[in-house]
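Chains Y and R, in that order, are what the protein sequence lines are. Counted from 1, the first sequence has number 282 at position 282 by the UniProt record's numbering; the numbering is strictly sequential. Counted from 1, the second sequence has number 279 at position 279 by the UniProt record's numbering; the numbering is strictly sequential. Using N, Cα and C, we set each Cβ at its ideal position, and we do this for glycine too.
There are 2 protein chains.
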Amino acid sequence: MKAEIISIGTELLLGHVVNTNSAFLSRELAALGVEVYHHVTVGDNPERLVDAIKQAEQRVDLIVLSGGLGPTEDDITKKTLANYLDVDLILHEETENKIITYHKNSDFNMPENNQLQALIFADSRPLTNDTGLAVGMMLTQNNRHYALLPGPPDELEPMVENYLKEEIVKHILDEQVLVSRVMRFFGLTEAQLAEKIQDIVVNQSNPTVAVYANDGEITVRITAKAENEEQGNEAIDEIEKDIMEILPDYFFGYGDKRLADVIKDMLNERSLTITAAESLTGGAFLSDLTSDLSAGSILEGGLITYSADKKNKVLKVTKETINKFGVVSPECAIEMAEKSRAMFDADIGVGLTGVAGPSSLKDQIPGTVYIGIAYKDKQSFSKHFHFGYKRNRNRRLAVQNALELVRRVLKDMPIENTIFYGEDKK
Amino acid sequence: MKAEIISIGTELLLGHVVNTNSAFLSRELAALGVEVYHHVTVGDNPERLVDAIKQAEQRVDLIVLSGGLGPTEDDITKKTLANYLDVDLILHEETENKIITYHKNSDFNMPENNQLQALIFADSRPLTNDTGLAVGMMLTQNNRHYALLPGPPDELEPMVENYLKEEIVKHILDEQVLVSRVMRFFGLTEAQLAEKIQDIVVNQSNPTVAVYANDGEITVRITAKAENEEQGNEAIDEIEKDIMEILPDYFFGYGDKRLADVIKDMLNERSLTITAAESLTGGAFLSDLTSDLSAGSILEGGLITYSADKKNKVLKVTKETINKFGVVSPECAIEMAEKSRAMFDADIGVGLTGVAGPSSLKDQIPGTVYIGIAYKDKQSFSKHFHFGYKRNRNRRLAVQNALELVRRVLKDMPIENTIFYGEDKK
Numbered sequence: 001m002k003a004e005i006i007s008i009g010t011e012l013l014l015g016h017v018v019n020t021n022s023a024f025l026s027r028e029l030a031a032l033g034v035e036v037y038h039h040v041t042v043g044d045n046p047e048r049l050v051d052a053i054k055q056a057e058q059r060v061d062l063i064v065l066s067g068g069l070g071p072t073e074d075d076i077t078k079k080t081l082a083n084y085l086d087v088d089l090i091l092h093e094e095t096e097n098k099i100i101t102y103h104k105n106s107d108f109n110m111p112e113n114n115q116l117q118a119l120i121f122a123d124s125r126p127l128t129n130d131t132g133l134a135v136g137m138m139l140t141q142n143n144r145h146y147a148l149l150p151g152p153p154d155e156l157e158p159m160v161e162n163y164l165k166e167e168i169v170k171h172i173l174d175e176q177v178l179v180s181r182v183m184r185f186f187g188l189t190e191a192q193l194a195e196k197i198q199d200i201v202v203n204q205s206n207p208t209v210a211v212y213a214n215d216g217e218i219t220v221r222i223t224a225k226a227e228n229e230e231q232g233n234e235a236i237d238e239i240e241k242d243i244m245e246i247l248p249d250y251f252f253g254y255g256d257k258r259l260a261d262v263i264k265d266m267l268n269e270r271s272l273t274i275t276a277a278e279s280l281t282g283g284a285f286l287s288d289l290t291s292d293l294s295a296g297s298i299l300e301g302g303l304i305t306y307s308a309d310k311k312n313k314v315l316k317v318t319k320e321t322i323n324k325f326g327v328v329s330p331e332c333a334i335e336m337a338e339k340s341r342a343m344f345d346a347d348i349g350v351g352l353t354g355v356a357g358p359s360s361l362k363d364q365i366p367g368t369v370y371i372g373i374a375y376k377d378k379q380s381f382s383k384h385f386h387f388g389y390k391r392n393r394n395r396r397l398a399v400q401n402a403l404e405l406v407r408r409v410l411k412d413m414p415i416e417n418t419i420f421y422g423e424d425k426k
Numbered sequence: 001m002k003a004e005i006i007s008i009g010t011e012l013l014l015g016h017v018v019n020t021n022s023a024f025l026s027r028e029l030a031a032l033g034v035e036v037y038h039h040v041t042v043g044d045n046p047e048r049l050v051d052a053i054k055q056a057e058q059r060v061d062l063i064v065l066s067g068g069l070g071p072t073e074d075d076i077t078k079k080t081l082a083n084y085l086d087v088d089l090i091l092h093e094e095t096e097n098k099i100i101t102y103h104k105n106s107d108f109n110m111p112e113n114n115q116l117q118a119l120i121f122a123d124s125r126p127l128t129n130d131t132g133l134a135v136g137m138m139l140t141q142n143n144r145h146y147a148l149l150p151g152p153p154d155e156l157e158p159m160v161e162n163y164l165k166e167e168i169v170k171h172i173l174d175e176q177v178l179v180s181r182v183m184r185f186f187g188l189t190e191a192q193l194a195e196k197i198q199d200i201v202v203n204q205s206n207p208t209v210a211v212y213a214n215d216g217e218i219t220v221r222i223t224a225k226a227e228n229e230e231q232g233n234e235a236i237d238e239i240e241k242d243i244m245e246i247l248p249d250y251f252f253g254y255g256d257k258r259l260a261d262v263i264k265d266m267l268n269e270r271s272l273t274i275t276a277a278e279s280l281t282g283g284a285f286l287s288d289l290t291s292d293l294s295a296g297s298i299l300e301g302g303l304i305t306y307s308a309d310k311k312n313k314v315l316k317v318t319k320e321t322i323n324k325f326g327v328v329s330p331e332c333a334i335e336m337a338e339k340s341r342a343m344f345d346a347d348i349g350v351g352l353t354g355v356a357g358p359s360s361l362k363d364q365i366p367g368t369v370y371i372g373i374a375y376k377d378k379q380s381f382s383k384h385f386h387f388g389y390k391r392n393r394n395r396r397l398a399v400q401n402a403l404e405l406v407r408r409v410l411k412d413m414p415i416e417n418t419i420f421y422g423e424d425k426k
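(1) Please list the partners that residue 310/R has in chain B, where partner means a Cβ-to-Cβ separation under 7 Å.
(2) Output needed in chain order: residues of the stretch 23-53 of chain R with a Cβ under 9 Å from some Cβ in chain Y.
(3) Might you give, ordered along the chain, the residues of its own chain that have their beta carbon closer than 8 Å to the beta carbon of residue 240/R, omitting 5 neighbours on each side?
(4) Do residue 42/R and residue 3/R have their CB atoms nearer than 9 Å?
(5) Taking residue 395/Y as the query, report the chain R residues whose CB atoms sit under 9 Å from its CB, ordered along the chain.
(6) Check whether the Cβ of residue 19/Y lies closer than 9 Å to any Cβ atom in chain R.
(7) Could you compute how far the alpha carbon of residue 425/R sits from the alpha carbon of residue 295/Y?
(8) Listing by chain order, which chain Y residues have their CB less than 8 Å from the CB of residue 259/R?
(9) Assuming residue 35/R is part of the beta strand (DSSP E), what are its boundary residues?
(10) Indicate the three-state DSSP secondary structure (helix, strand or coil) for residue 126/Y in the structure shown.
(11) Using a Cβ-Cβ distance under 9 Å, would residue 1/Y count as near chain R?
(12) Report the residues of the stretch 155-186 of chain R with a CB closer than 9 Å to any CB of chain Y, ordered along the chain.
(13) Assuming residue 281/R and residue 409/R are in contact, meaning their beta carbons sit under 8 Å apart, how far apart are those beta carbons, in whole angstroms?
(14) Using a C-beta to C-beta distance shorter than 8 Å, which residues of chain Y count as neighbours of residue 64/R?
(15) Buried or exposed for residue 386/Y, please, with buried defined as at least 16 other CB atoms from any protein chain shown within 10 angstroms of its CB.
(16) I need the DSSP call for residue 159/Y, collapsed to helix, strand or coil.
(17) Using beta carbons (cut-off 9 Å, strictly below), is residue 278/Y in contact with chain R?
(18) Starting from residue 335/R, trace the alpha helix (DSSP H) in both directions and tell me its first and last residue.
(19) Please list, in chain order, the chain Y residues whose beta carbon lies closer than 7 Å to that of residue 16/R.
(20) Note down the Cα distance separating residue 163/R from residue 126/R, rounded to an integer number of angstroms.
(21) Taking the alpha carbon of residue 390/Y as the reference point, which residue from 360/Y, 372/Y, 224/Y has its own alpha carbon closest?
(22) Select from 155/Y, 373/Y, 415/Y, 226/Y the residue whose C-alpha is nearest the C-alpha of residue 349/Y.
(23) For residue 424/Y, which of helix, strand or coil comes out of DSSP?
(24) Around the Cβ of residue 299/R, are there at least 16 other Cβ atoms within 10 angstroms (buried) or fewer (exposed)?
(25) Can you pull out the residues from the stretch 73-90 of chain R whose beta carbon lies closer than 8 Å to at least one beta carbon of chain Y?
(26) Considering only residues of the same chain and omitting the five flanking positions on each side of residue 146/Y, which have a CB-CB separation below 6 Å?
(27) Tell me which residue opens and which closes the beta strand (DSSP E) that residue 217/Y is part of.
(28) Interface residues of chain Y around residue 305/R at Cβ under 8 Å?
(29) Pull up the distance between the alpha-carbon of residue 161/R and that of residue 172/Y, whole angstroms please.
(30) Could you tell me which chain R residues have their CB closer than 9 Å to the CB of residue 12/Y, listed as they occur along the chain?
(31) Using a beta-carbon distance below 9 Å, is residue 8/R in contact with chain Y?
(32) Beta-carbon of residue 221/Y versus every beta-carbon of chain R: anything under 9 Å?
(33) Name the one or two DSSP bridge partners that residue 385/Y has.
(34) With a threshold of 16 other CB atoms inside 10 Å of the CB of residue 279/R, please say whether the residue is buried or exposed.
(35) Give me the DSSP bridge partner(s) of residue 10/R.
(36) Report yes if the C-beta distance between residue 15/Y and residue 59/R is below 9 Å; otherwise report no.
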């Protein structure tokens with residue numbers, strides 16, 4: 001099965017909006033085993049849209065169109081296609097009711113042409129829009145399939161995930177269900193991970209296995225087409241087992257949950273609280289942990305101590321530590337962890353200190369980072385990292401590796417290259 | 001003049017990479033008055049690439065190709081085009097020397113096919129790659145122009161900015177120079193700003209005026225084609241004057257500098273230091289101010305106090321304030337600003353408190369935010385905001401509006417809806 005993705009919108013051709021839909025749709029279609037050889041973008045121009053569709057019809061079985069389903073004059077996709085394919089536009093009552101209800105509950109008057117968003121092709125299968133008003137649809141004509149999707153990614157993505165994929169699997173690929181699972185990894189690069197599981201990726205056509213990098217974290221998505229959900233999950237379980245045998249140490253969770261989310265869940269489950277004293281990361285670690293819900297239950301506060309003076313005066317890191325070992329040292333990282341833990345009555349204290357770069361700090365080269373961890377009655381420790389010369393990359397890597405250290409401590413997993421320090425409190 | 005953008009890369013068709021080049025190139029070409037009606041993406045497949053080029057030749061004068069200039073087998077663009085256009089590939093010595101020097105200075109052995117990156121078409125004009133190895137080029141054949149650019153955005157973007165635009169202006173548009181200026185605004189939406197300067201935007205063809213939104217900040221780019229730089233700048237000055245007459249209050253700076261950068265510059269110039277006590281923003285304000293160079297000179301540290309208990313115990317906000325007015329109050333915001341300022345010996349203290357949402361806090365609805373400012377001997381004040389229901393948007397807006405408040409205070413600009421509090425220190 002081959003597909004082509006046509007994006008419609010003058011704003012794309014002016015560069016006002018980056019087209020993320022094509023990449024998203026390509027990933028989703030690849031997971032179904034559908035091949036994509038062309039992305040095409042045209043403006044809000046019926047003639048050029050029809051030309052693009054004609055061309056796609058010569059190349060593929062499934063044409064996915066995104067954009068142009070809204071209520072304004074510019075939204076030409078439905079009208080243009082209805083004319084071209086010679087199909088009637090009829091009212092989709094469910095969507096019409098939704099539009100009326102939406103406007104009743106808001107202060108806005110409903111513009112008359114808002115109803116345009118409720119029109120669908122006769123004999124098409126509507127695709128529900130969970131996050132917006134314009135209904136999507138799938139039409140099959142002469143063995144060729146046309147999917148019409150809204151342009152805004154926050155409407156298109158849920159429509160694809162929740163309705164289009166099922167539609168494709170059931171009605172086009174004649175399979176029963178599609179099951180997919182995302183596994184998340186940290187601590188190696190996308191290339192390293194891909195190489196390690198290369199045999200699994202290459203030898204699989206169902207389930208498919210795809211590797212993506214996302215801001216330092218790596219995701220592996222396993223997608224199975226199957227008779228029923230149980231069978232799909234069984235097939236995925238097998239692949240997951242094979243992957244886990246190769247990469248047990250780097251796996252940290254499933255689905256959408258990023259490392260920070262996994263830590264938050266672990267802390268919540270165990271009723272633990274966390275705090276940090278940040279130097280090179282300047283608030284980024286704490287900001288990550290508070291960027292979502294439920295932060296109040298795991299965090300009462302934390303500290304940014306950029307200068308040596310405030311590390312001593314506010315955080316109470318001893319002058320002895322600062323003078324003897326320097327602020328970029330395992331000793332300072334551990335003391336920052338311990339003192340912040342005491343100051344904020346937390347179960348876990350994290351100290352982050354280092355040279356973000358690009359210039360060196362005293363003898364320390366950029367990218368030198370020490371992260372200290374103080375956890376309840378366990379012996380505090382520090383771990384040394386060396387990342388590189390890019391300042392913001394160093395800050396990000398410091399935050400992520402601090403989160404990973406917390407995860408390993410909470411799971412009692414081994415941690416390499418730690419520097420222990422101070423009394424064993426046990 | 002019409003152009004078409006062809007992106008080459010199987011990674012784009014698999015959705016592994018989002019295509020940002022097409023939007024970037026479209027913006028740059030629009031600024032030159034060049035119209036773009038199609039974006040097309042094909043994989044690393046010579047046949048489909050040639051088909052795309054043939055089609056573009058029927059539609060436009062300038063074909064911009066991105067991707068496929070690297071040293072691997074997949075990098076088909078140069079070889080495919082050389083065959084198709086029947087031109088010779090010759091060695092570009094400057095690039096060859098650069099590649100040799102690069103490998104001498106690194107530990108890597110130079111792979112033999114690395115030299116492929118130094119090949120250009122005979123009679124083409126090379127485009128220097130300031131941030132990578134693969135040279136770009138511009139070829140004119142039968143009055144049609146072909147620009148070949150590298151795929152990685154961090155190589156393509158400087159090549160376009162520094163070389164391709166000049167090439168287009170001088171050799172294709174027969175103009176002498178291209179001058180452009182970016183103005184930055186905060187405090188209104190893209191739509192509001194666009195409406196206010198609509199007459200200027202619509203009536204201009206040279207200079208062109210384009211409005212973009214970028215994460216809460218709005219940029220206006222003015223681009224002039226002119227005989228020489230002076231003439232170009234004069235034309236831009238005039239437009240800038242017109243815009244400033246309409247929007248004096250929202251303008252905060254030029255070029256790439258974001259609001260946080262402008263604040264950092266202002267603080268550095270005046271030798272002032274800043275700190276903050278953050279509640280709902282959880283470190284995001286301080287993280288923004290430390291995300292770039294030179295943070296050490298303007299910031300010694302700061303505090304995150306999420307819980308009421310730590311606002312009192314660590315930051316020393318009085319129990320009276322917390323009990324009488326609540327933690328989400330102008331009084332608490334001001335006290336957070338003043339106490340953090342004292343704790344970190346800073347010239348400016350900022351207090352951020354509010355309900356990030358999505359759930360309410362006591363009687364306060366999500367999006368309710370108070371920002372307090374304590375600045376030297378001036379009277380401290382607080383400003384009330386109401387943003388909305390989206391948690392992370394509320395956090396971001398709180399950070400940006402706090403930065404804007406600091407800018408206004410430093411510039412002695414009027415601030416509306418402030419709540420004054422406490423003694424006048426003068």
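Based on what the coordinates show:
(1) Going by chain labels, chain B is absent from the structure shown, which instead holds the protein chains Y and R.
(2) Listed in sequence order: 23, 24, 25, 26, 27, 28, 29, 30, 35, 36, 37, 38, 39, 40, 41, 42, 43, 45, 48, 52.
(3) 181, 183, 222
(4) Against a cut-off of 9 Å, the Cβ pair of residue 3/R and residue 42/R comes out as no contact.
(5) 287, 290, 291
(6) yes
(7) With a pLDDT of 49 at residue 425/R, under the threshold of 50, the modelled position of that residue is not reliable, and the figure given next carries that caveat. For residue 425/R and residue 295/Y, the distance between alpha carbons rounds to 37 Å.
(8) In chain order: nothing, as chain Y lies at least about 17 Å away.
(9) 35-42
(10) strand
(11) No, its Cβ sits nowhere closer than 9 Å to a Cβ of chain R.
(12) From the stretch 155-186 of chain R, no residue has a Cβ closer than 9 Å to chain Y.
(13) Actually they do not touch by this definition, with Cβ atoms about 18 Å apart.
(14) Simply none; closest approach about 12 Å.
(15) With fewer than 16 other Cβ atoms inside 10 Å of its own Cβ, residue 386/Y counts as exposed.
(16) helix
(17) Taking 9 Å as the CB threshold, residue 278/Y lines the interface with chain R.
(18) 330-343
(19) Contact of residue 16/R with chain Y by beta-carbon distance below 7 Å involves 212.
(20) For residue 163/R and residue 126/R, the distance between alpha carbons rounds to 9 Å.
(21) Measuring from the Cα of residue 390/Y, the nearest candidate turns out to be 360/Y.
(22) 373/Y
(23) At residue 424/Y, the pLDDT of 48 sits below 50, so the modelled position is not reliable; the number obtained from the coordinates is stated separately. In this structure, residue 424/Y counts as coil in the three-state DSSP scheme.
(24) buried
(25) none
(26) Closer than 6 Å at the Cβ level, and outside the excluded window around residue 146/Y, lie 63, 139.
(27) 217-226
(28) In chain order: 300, 301.
(29) 46 Å
(30) 22, 23, 26, 39
(31) no
(32) no
(33) 369/Y
(34) By the Cβ neighbour-count rule, residue 279/R is buried, with 16 or more other Cβ atoms within 10 Å of its own.
(35) Beta-bridge pairing links residue 10/R to no other residue.
(36) no
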